[in-house]
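Here the protein sequences line up with chains A and B, keeping their order.
Anchor point for the first sequence: position 119 equals 119 in the numbering used here, and the numbering is continuous, going up by one each time.
Remember, the numbering used here sits 1000 above the position in the second sequence when you count from 1.
Glycine included, every Cβ here is placed at the ideal spot set by N, Cα and C.
Protein chains: 2
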Amino acid sequence: MMATSVDDRVDALLAKLGRRVTGPRRRVARLLAGKRGSFSAEAVNEELPDVGRATVYRTLKLLSDAGVLCKAILPDGSPRYSIDHSWHHHHLICSSCETVQEFRSVELERLLCELGDEIPGRVLGHQVDFYVNCVDCLQHERAAEAH
Amino acid sequence: MMATSVDDRVDALLAKLGRRVTGPRRRVARLLAGKRGSFSAEAVNEELPDVGRATVYRTLKLLSDAGVLCKAILPDGSPRYSIDHSWHHHHLICSSCETVQEFRSVELERLLCELGDEIPGRVLGHQVDFYVNCVDCLQHERAAEAH
DNA sequence: AGCATATATGAGACGAAGTATCACAGTCGG
DNA sequence: CCGACTGTGATACTTCGTCTCATATATGCT
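This is the structure in structure tokens:
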């Protein structure tokens, strides 16, 4: 039995949202489906020269709101998108290569939930980011050091 | 005995950093000293029309790097500055009025530290933000509802 | 105090990232 | 197949921040 294609899933998602299935949306979704790691909106733009800039931004926003994509903010403030694989996670952001990885901890989640109860006002959500040097970057660093 | 003035403290800080004490820097620092809550770089700009835009940005960066100011990122990605009162804290960001409050938890800090040990690579730092509706906004909301 | 020099300033150009507008095109229910 | 409504894309515009460079100023030295 065949796995559902990316297009089928996009169609289903858009139908569920009451949005129209269009060529540009399919092209953006297909590109994202093939991506690993995180990427900027402009990167998507450049890879899809025949899709308008505004449409790319609109579609990324649409998919983020739908929970398909997840948006992380680099230390310098610039946003990166990545496929959202899980119901809830946090980020490991590499400060040198700017890669964004997902990261989960039940323990952290529970503590954040407890803390949320103590916070005055209504808690809508939270975000935890670790700024790191990833394993790859550390290796390159060491390779460079070893004259 | 008199408390040290803002200017005295700014002078001392700049001397410690090996930076020059200048009029524009004093004017920015004096404005910030009188501020409550968080503010954008542009807001500082507008309140100091006779200080150049570039200088305002440079000074905010200088003070952030020095640990006097702390930079928080709103959900939409735009940065807000606030006076940094503590050695380490996290943020409560109100999604409706965009106020940024500080927030500390020894427990959270300890857990984050433990998690950091388990993370592959070198951990440089972390950031925790709670997105909330603050007490003030909830009150206004209720007042509006009660026709 | 006066001088030399490194540092800081500010006007404005530049750039990146995202949004608004609007005529036109495409989708989809009937 | 048609009509209405949604989506698209070119482009102008906004916002935020950085860069450049001529000018101004703080500071160490004498």
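Does residue i have its Cβ less than 9 Å from a Cβ in chain B?
{"i": "residue 73 of chain A", "result": "yes"}
{"i": "residue 2 of chain A", "result": "With a pLDDT of 48 at residue 2 of chain A, under the threshold of 50, the modelled position of this residue cannot be trusted, and the question is left open."}
{"i": "residue 94 of chain A", "result": "yes"}
{"i": "residue 128 of chain A", "result": "yes"}
{"i": "residue 81 of chain A", "result": "no"}
{"i": "residue 45 of chain A", "result": "no"}
{"i": "residue 42 of chain A", "result": "no"}
{"i": "residue 64 of chain A", "result": "no"}
{"i": "residue 78 of chain A", "result": "yes"}
{"i": "residue 113 of chain A", "result": "no"}
{"i": "residue 116 of chain A", "result": "yes"}
{"i": "residue 24 of chain A", "result": "no"}
{"i": "residue 138 of chain A", "result": "yes"}
Assuming residue i contacts residue j (C-beta within less than 8 Å), just tell me the rounded distance between them.
{"i": "residue 81 of chain A", "j": "residue 69 of chain A", "result": "5 Å"}
{"i": "residue 1042 of chain B", "j": "residue 1074 of chain B", "result": "13 Å between Cβ atoms; not a contact."}
{"i": "residue 1130 of chain B", "j": "residue 1092 of chain B", "result": "5 Å"}
{"i": "residue 1044 of chain B", "j": "residue 1072 of chain B", "result": "That pair is no contact at about 15 Å."}
{"i": "residue 1132 of chain B", "j": "residue 119 of chain A", "result": "6 Å"}
{"i": "residue 62 of chain A", "j": "residue 19 of chain A", "result": "7 Å"}
{"i": "residue 1111 of chain B", "j": "residue 138 of chain A", "result": "About 24 Å; that fails the 8 Å criterion."}
{"i": "residue 24 of chain A", "j": "residue 51 of chain A", "result": "5 Å"}
{"i": "residue 128 of chain A", "j": "residue 108 of chain A", "result": "7 Å"}
{"i": "residue 1077 of chain B", "j": "residue 77 of chain A", "result": "6 Å"}
{"i": "residue 1032 of chain B", "j": "residue 1083 of chain B", "result": "7 Å"}
From what residue to what residue does the alpha helix (DSSP H) around residue i run?
{"i": "residue 141 of chain A", "result": "135-145"}
{"i": "residue 114 of chain A", "result": "106-118"}
Flag residue i as yes if its beta-carbon sits less than 9 Å from any beta-carbon of chain A, otherwise no.
{"i": "residue 1057 of chain B", "result": "no"}
{"i": "residue 1143 of chain B", "result": "no"}
{"i": "residue 1033 of chain B", "result": "no"}
{"i": "residue 1069 of chain B", "result": "no"}
{"i": "residue 1123 of chain B", "result": "yes"}
{"i": "residue 1052 of chain B", "result": "no"}
{"i": "residue 1106 of chain B", "result": "no"}
{"i": "residue 1039 of chain B", "result": "no"}
{"i": "residue 1060 of chain B", "result": "no"}
{"i": "residue 1135 of chain B", "result": "yes"}
{"i": "residue 1132 of chain B", "result": "yes"}
{"i": "residue 1014 of chain B", "result": "no"}
{"i": "residue 1048 of chain B", "result": "no"}
What are the boundary residues of the beta strand (DSSP E) that includes residue i?
{"i": "residue 1102 of chain B", "result": "1100-1103"}
{"i": "residue 94 of chain A", "result": "90-94"}
Taking 8 Å as the cut-off, is the beta-carbon of residue i closer than that to any non-hydrogen atom of the ligand FMN?
{"i": "residue 1116 of chain B", "result": "Absence of the ligand FMN is noted for the structure shown, with no ligands found whatsoever."}
query: Where in the region 20-84 of chain A do unbroken runs of the alpha helix (DSSP H), each at least 4 residues long, occur, reported from the N-terminal end onward?
result: 23-33, 41-47 and 53-65
- prompt: Okay, do the region 1094-1106 of chain B and the region 82-91 of chain A touch, 3+ Cβ pairs below 8 Å being the bar?
  reply: no
message: Three Cβ pairs or more, each shorter than 8 Å: is that satisfied between the region 1014-1024 of chain B and the region 122-132 of chain A?
response: no
message: When you compare the region 1014-1034 of chain B with the region 1047-1066 of chain B, are there three or more beta-carbon pairs, one atom per stretch, that lie closer than 8 Å?
response: yes
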